[in-house]
Amino acid sequence: MIVDQSETGGRINVFTYGSLMLSFVFQRVAGRCPESIEAILDDWRRVRVDNETFPAAVPADGERVRGILWLGLSAHEIARLDQFEGEHYRRVTVRVRDFSGEDYAAEVYQWSRTDGLINEPWDIDWFKTVGIKDFSSKYL
């Protein structure tokens, strides 16, 4: 079964794969922490951004990204996320699945530039213990 935005009362689901996976970061940016579930985005890859502590996601056949799916965001909350993500990301519609295999329509922030990426995986555990301090001082 695919859960569409129309089934969420016109609200939007957002799949996050980096700093916004952390509830305190998400709340600071969006203004609240809606219901969330762990999810997988197939055929995408999460990589490091040059000289930054946050990642980017790009399409990549056969790869997958684990992240958090935030459910039922309002237009105002989406606008806050758009502003936070800035010009280096664009929001695109994707399908993600939870660990039981249920599909959801969602938005994801895709890297919009052709440069600035390092072809190495980004690690959430490193971010939580090392990168968060620099990230917080710059962006929160």
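Basically the numbering used here = 1-based index in the sequence shown + 512.
For each residue, glycine too, the CB sits at the ideal point set by N, CA and C.
The model shown is predicted, which means the values in this text are computed figures rather than measured ones.
Assigned with DSSP and collapsed to three states, residue 612 falls in coil, not helix or strand. Beta-bridge analysis with DSSP links residue 651 to no other residue. In the structure shown, the three-state DSSP call for residue 548 is strand. The three-state reading of DSSP puts residue 643 in helix, counting H, G and I together. Here residue 564 carries a coil assignment [DSSP, helix/strand/coil]. Judged by DSSP in its simplified three-state form, residue 530 adopts coil rather than helix or strand.
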